[in-house]
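Sequence order for the protein chains is A and B. Positions in the first sequence are counted from 1; adding 2 to them yields our numbering. Positions in the second sequence are counted from 1; adding 11 to them yields our numbering. Quick notes on the structure that follows.
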Amino acid sequence: MDFIKVIGFKKSFGTKQVHSGVNLSIQKGECLGLIGGSGAGKSVILRSLIGLEKPDEGRVVFDGKDITDYTEDELVNIRKRVAYVFQGGALFDSMNVYENLAYPLREHTKLGEPEISEKVLTKLKELGLEGNDKVYPAELSGGMQKRVGLARAIIMEPEVILYDEPTAGLDPFNTVKIQEMISRLKATGVTSILVTHDMPSAFAVCDRIAMLAKGKIGAVGTRAELDASPGGIIHKFINGEQL
Amino acid sequence: MIQTFASSIGGFVLGQLQFVGGSTVLFLHSLKEALKPPYYPQLIVEQINQVGVRSMSLIVAASLSTGMVMSLQFGLGLEKFGAKLYVPKIVSLSIAKELGPVFTSLMFAARVGAGIASELGSMTVTQQIDAIRALGTSPIKRIVIPRVIACTIALPLLTVIANAVGTFGALTVGQFELGLDSGFFIQKVITTVKIGDYINGLLKTFFFALFVVFTSCYYGLNVKEGTRGVGIATTKAVVASSILIVVSDFFLTKLFWIIEKWIS
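Written out as structure tokens, the structure reads:
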């Protein structure tokens, strides 16, 4: 059974129709890469999976439940299971790194401060951010902000992680770090969707790649399947050809 | 040209309707969410410090100046008619009933309203508001409600301070510039201004605080055009709050007057 399903998703912004019937399904434990040109609406699909955006038409099904019309209260339980890694980190700039990471733990668990502290410091160490717990987001580099954002998203050990361009604007070293982290999480059975333009990262960590073009999923398949169709839309996208 | 004019009028009316509808929905959501746990007392205390304590110097300076200027103007004007002795009555009553609450609220709208709209606007464009939601928490609970509670506590208290400081300013000018005895001044203030006059003024500031905080939160949470949008939202928040304060002042004064008559 599909773990996450997007059915006939349609969305317009003003007079511009961005999605004209997107259908997508993700299996449990799978990592799906969602690619497409700028403005194709990849992030909108990702946001709709946790109710940050509502479709004009169509359904979003999560673990067998249609969550399209869920209220903010009903979405809380979904959002505890699904983590969203924002493109720029979206760290709370009034809180330091430690408080940013402790935020979901304080909100959703009954853990005491010593356990929270242990979890936060362990997670920072895992992502190579030790010693930065007292630092405020504005004092961090872009790459570090992304890693802190990732640490905050995964600290609750979610079942699903939605990555919105996690490697955009990063140097090769940080890109590899993020790739390794995504692969490590995937190995633990986490289901993930990776929105990206970074094709090497997508091929390195994703089981399947789906291409969003002209408001619909233009192609979807494994690396092997895509390689078998050299004239396909994904190859055209990678080679910078007109779609 | 007519089409452009009609389109800009239509856009303005639509914007106003969106504001009224959006801020009413925000008010109703806040009311609903305020009753449910979790509660964030720490955030309320932080906000009282932010919107109340940190506004004190501005309010003190503005009210001191207002009291002094009013005393001087009335003193010099009434002196020509030999009515300088009425300065304590006129000034203290004006401060308690109108100038204290309205001036303080307008200052509050400028400082706190702008602060809230720009802070929330920046949080919106940097996706921090989305992050609050994505982490399974409510921006209304964490951001809006603490500010609403803090503003409705802080503004009446700031008005009490403004009333006292304004009257003190008037007294100082009365004594040193107009030659009025300070004992006489204080006695006239006490016999003229009733407790009901102060309560009327303070009750109005409770409503003014709601106008400022919901207007600013609405514009801040609905920023759409990046950092440029933050500036526009801030300006709109201050303008709309100030207009709401001055317009509602008349209706609230009339309403309280009717209630006062009805009670007595």
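Beta carbons: idealized from backbone N, C-alpha and C, even for Gly. Since the structure is predicted, the reported quantities are computational estimates derived from the model, not experimental observations.
Q: Entirely within the stretch 35 to 106 of chain B and at least 4 residues each: give me those alpha helix (DSSP H) ranges in chain order.
A: 52 to 58, 67 to 90 and 98 to 105
Q) Start and end of the beta strand (DSSP E) containing A42(A)? A) No beta strand (DSSP E) holds A42(A); DSSP gives it neither H nor E.
Q | At least three beta-carbon pairs within less than 8 Å, the stretch 205 to 218 of chain B to the stretch 102 to 117 of chain B | A | The count of Cβ pairs closer than 8 Å, one atom from the stretch 205 to 218 of chain B and one from the stretch 102 to 117 of chain B, reaches three, so the stretches are in contact.
Q. Cβ atoms of T177(A) and G31(A): under 8 Å apart, would you say?
A. no
Q | Interface positions of the stretch 144 to 155 of chain B facing chain A (Cβ-Cβ less than 7 Å), listed along the chain | A | R144, A145, L146, G147, T148 and S149
Q: Answer yes or no: do I163(A) and L131(A) have a C-beta to C-beta separation smaller than 8 Å?
A: no
Q | Beta-carbon spacing of E188(B), G86(B) below 8 Å | A | yes
Q: Would you identify the three-state DSSP class for D68(A), choosing helix, strand or coil?
A: strand
Q. At a Cβ threshold of 8 Å, is Y105(A) touching chain B?
A. Closer than 8 Å to some Cβ of chain B, the Cβ of Y105(A) qualifies, so yes.
Q: Could you confirm whether any beta carbon from chain B is found closer than 8 Å to the beta carbon of G16(A)?
A: no
Q | Beta-bridge partners of T224(A), as assigned by DSSP | A | R210(A)
Q. Using a Cβ-Cβ cut-off of 7 Å (strictly less than) and excluding sequence neighbours within five positions of N25(A), which residues of its own chain qualify?
A. V8, I9, G10 and I219
Q | T226(B) - DSSP class collapsed to helix/strand/coil | A | helix
**Q.** Within chain B, the residues that E109(A) reaches when beta carbons sit closer than 8 Å
**A.** P49, L146, G147 and T148
(Q) Give me the chain B residues within the contact set of F88(A), using Cβ-Cβ distance strictly less than 8 Å, ordered along the chain. (A) Q138, D141, A142 and A145
Q: For D65(A), verify whether its CB is less than 7 Å away from any heavy atom of the ligand FAD.
A: Looking for the ligand FAD in the displayed structure turns up nothing, as the structure carries no ligands at all.
Q.
Just to confirm, is the Cβ distance from I151(B) to S227(B) under 8 Å?
A. no
Q | C-alpha gap between I69(A) and P160(A), whole angstroms | A | 18 Å
Q. Relative to the C-alpha of F38(B), which residue among F222(B), G194(B) and S105(B) is closest?
A. F222(B)
**Q.** N-terminal and C-terminal residue of the beta strand (DSSP E) that F196(B) is part of
**A.** Here F196(B) belongs to no beta strand (DSSP E); instead the alpha helix (DSSP H) covers S193 to T203.
Q | I254(B) to K148(A) span [Cα, whole Å] | A | 42 Å
Q. When the Cα atoms are used, what is the spatial distance from L46(B) to I154(B)?
A. 15 Å
Q: Decide if G21(B) is buried, meaning its Cβ has at least 16 other Cβ atoms within 10 Å, or exposed.
A: exposed
Q: Flag this pair as yes or no: are the beta carbons of I157(A) and L107(A) separated by less than 8 Å?
A: yes
Q. With a cut-off of 8 Å, does the C-beta of V78(A) fall near any C-beta of chain B?
A. With a threshold of 8 Å between beta carbons, V78(A) makes contact with chain B.
Q | Within-8 Å CB hit, F94(A) to chain B | A | yes
(Q) Short of 7 Å Cβ to Cβ, which residues in the stretch 40 to 68 of chain A face chain B? (A) I52 and L54
Q. Terminal residues of the continuous alpha helix (DSSP H) containing H21(A)?
A. Here H21(A) belongs to no alpha helix (DSSP H); instead the beta strand (DSSP E) covers K18 to I28.
Q. Got a sec: is the Cβ-Cβ distance from R81(A) to anything in chain B below 8 Å?
A. Contact with chain B is found for R81(A), since one of that chain's Cβ atoms lies less than 8 Å from the residue's Cβ.
Q.
Just to confirm before moving on: does the CB-CB distance between S275(B) and V204(B) stay below 8 Å?
A. In this structure, V204(B) does not lie closer than 8 Å to S275(B) by Cβ.
Q. How about A292(A) and L196(A): do their beta carbons lie closer than 8 Å?
A. Absent from the structure is residue 292(A), since the part of chain A shown begins at 3 and ends at 245.
Q | Integer Cβ distance of M79(B) from G180(B), believed to fall under 8 Å | A | 4 Å
Q: Run the CB neighbour count on F261(B), radius 10 Å, all protein chains shown included, and call it buried at 16 or more, exposed below.
A: exposed
(Q) Under DSSP, the alpha helix (DSSP H) around K56(A) begins and ends at which residues? (A) That residue, K56(A), is in no alpha helix (DSSP H); it is neither H nor E in DSSP.
Q) At what residues does the beta strand (DSSP E) containing A85(A) begin and finish? A) Note, A85(A): beta strand (DSSP E), V84 to V87.
Q) For E115(A) and chain B, any beta-carbon pair shorter than 8 Å? A) no
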